[in-house]
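Take a look at the structure below.
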Amino acid sequence: MPAPTNPFQPYADRYLDYSNGNDARPTALDAVKDLNLVDKLQDKVILITGASAGLGSETARALHATGAKLYLTFRDKARGQATAEELMGSNPHGKRPTLIEMELASLDSVREAAKQFLDQEKRLDILINNAGIMAVLEGRTVDGFETQLGVNHFGHFLFFQLLKPVLLASGTSECPSRVITLSSAGHKANGIFLEDLDMSKQGYQPMIAYAQSKTANIYMANSIERHYGARSLRGLSVHPGLIFTTQLGRHMSAGEMEAFAPMAHLARSPEQGAATSVWAALSPHFDSRGGLYLADAGVSSPADEDENFGGPGYAPHAYDEDAEEKLWKLSYKAVGLQDDEE
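Plus 97 on top of the position in the sequence shown (first one is 1) and you've got my numbering.
This is the structure we're talking about:
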């Protein structure tokens with residue numbers, strides 16, 4: 098199949114009809130090959146959070162093929178080691194990934210993980226905030242945040258801020274550094290409850306809390322672009338698509354899972370789901386453009402009124418500079434950092 102030519106919707110035709118066994122939607126490795134980057138990024142350093150299973154491991158597998166040096170965070174040591182062995186098995190000539198333990202539900206763990214990375218590296222070209230949880234029962238992180246917002250947003254916010262100096266130092270005007278943050282079509286359910294982030298006033302609902310955290314992921318990517326795009330650091334958010342074969346939805350009730358039944362035809366494999374993250378990380382077309390929401394391995398557009406909830410479009414609230422800036426400043430305080438621009 099020929100390589101794509103449209104820079105911002107490179108695979109649009111492959112998402113038009115993938116029924117009847119004719120599924121040509123790209124995989125993450127397809128993106129690497131189509132960009133002609135196999136073994137071409139020997140001097141790059143890439144860090145992926147939550148890389149020991151599902152989307153994370155498939156993202157790592159594709160990026161390992163570029164020859165880049167990979168750092169992978171994990172919660173389960175055995176699974177992290179297994180992923181590293183699998184990567185070396187599929188690409189014996191690649192660099193052995195370095196594993197770093199990190200629990201996003203603990204800011205102390207995030208600080209330690211960032212320290213471990215910075216003790217070993219002086220550059221970071223691409224950070225992929227892949228780790229996340231979905232629809233968990235009501236709870237609090239070690240630091241008192243609502244669990245989904247704490248893991249999906251605050252943990253990654255702190256991790257980024259601690260790695261920001263090396264990201265800024267590694268980027269150039271010709272080749273900016275990038276931060277790719279996984280969001281979800283789930284953000285379309287609702288935005289951010291700035292006056293009720295822990296949902297204690299309105300009452301906790303797992304999928305509403307998930308939507309809030311996924312909107313926060315988009316806001317963080319947009320804010321990174323707004324604050325640091327001119328300093329050669331790009332921010333992008335990604336919807337990987339509906340994937341029923343990972344463990345992300347393991348906390349969902351039968352009723353919540355049933356709600357996804359009408360969207361079953363949109364489902365894709367983890368290899369296909371990781372394509373958008375990899376395209377965001379590698380496509381040269383994003384050297385000069387950030388602050389974008391990507392889906393179906395291309396730049397998304399506003400969701401149509403009749404679009405399926407799991408579709409590639411984004412909600413109107415996905416771009417709200419006032420709310421983004423409020424969350425940005427609030428997040429600094431929440432993780433105990435001083436805004437370096439104040």
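Virtual Cβ for every residue (Gly too), placed ideally from N, Cα, C.
Cα-Cα separation, His-161 to Glu-292 = 42 Å
So Ala-392 is in the beta strand (DSSP E); what residue range does that whole segment cover?
-> 389-392
Taking the alpha-carbon positions, what's the Val-375 to Ala-228 distance?
-> 15 Å
What's the gap between the Cα of Ala-327 and the Cα of Asp-403?
-> 37 Å
For the alpha helix (DSSP H) holding Gly-332, just list the boundary residues, first then last.
-> That residue, Gly-332, is in no alpha helix (DSSP H); its beta strand (DSSP E) goes 330-336.
Helix or strand or just coil, what does DSSP make of Glu-368?
-> helix
For Ile-143, three-class secondary structure by DSSP | strand
Taking the continuous alpha helix (DSSP H) assigned at Gln-208, which residues delimit it?
-> In the sequence on display, residue 208 carries Arg and not Gln. That run of the alpha helix (DSSP H) goes 204-217.
Would you list the one or two residues that DSSP bridges to Phe-171?
-> Glu-198
What is the rounded straight-line gap between the Cα of Phe-383 and the Cα of Phe-105?
-> 9 Å
Since Gly-395 sits in a beta bridge, which residues does DSSP pair it with?
-> Ala-392
Do Arg-111 and Ala-150 have their C-beta atoms closer together than 8 Å?
-> no
Is Ala-308 near Asn-287, with beta carbons less than 8 Å apart?
-> yes
Would Val-233 pass as a contact of Ala-202 if the rule is Cβ separation under 8 Å?
-> no
Distance, Cα to Cα, Tyr-429 vs Leu-224?
-> 19 Å
Local conformation of Ile-225 per DSSP, three classes | strand
Check whether the stretch 165-176 touches the stretch 191-199, counting contact only when three or more Cβ pairs, one atom from each stretch, lie closer than 8 Å.
-> yes
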